[in-house]
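Under numbering that gives the first Met the number 0, think of the first position of the sequence shown as 0, with each following residue one higher.
C-beta atoms are modelled at their ideal positions from N, C-alpha and C, and glycine is treated no differently.
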Amino acid sequence: MKNRFRVEIYDENKLNDVTIYSEQGIDKEYLTEIVFSNLAKFSGNVKAYVYDELKKTKTVALFLPESTVMKYKPKQLTRVELGLI
């Protein structure tokens with residue numbers, strides 16, 4: 000079945016959500032890789048789910064608290080560090 004699995008990653012304000020479709024199953028390790036590769040887009044608590052479109056159920060879930068997100072988020076430079084002031 001084409002696009003059987005849907006990965007949804009979003010933060011608290013749900014403005015920066017990411018949706019990825021896959022034909023193959025996604026395990027916890029691969030979901031973690033996807034979340035951490037897109038971590039720069041999020042702020043606050045991050046939630047990620049894998050939905051099985053055929054069975055209509057969640058198969059894998061990942062929750063990251065804000066402290067973890069800020070720890071691993073790439074550093075954003077301030078205006079002073081960029082030399083704009």
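In terms of Cβ geometry, residue 16 and residue 8 form a close pair [threshold 9 Å].
Residue environment analysis places residue 39 among the exposed positions, since fewer than 16 neighbouring C-beta atoms fall within 10 angstroms of its C-beta. A Cβ-Cβ contact shorter than 9 Å links residue 60 with residue 49. In the DSSP assignment, residue 28 falls within the unbroken alpha helix (DSSP H) covering 27-36. Pairing residue 41 with residue 70 gives a Cβ-Cβ distance that is not under 9 Å.
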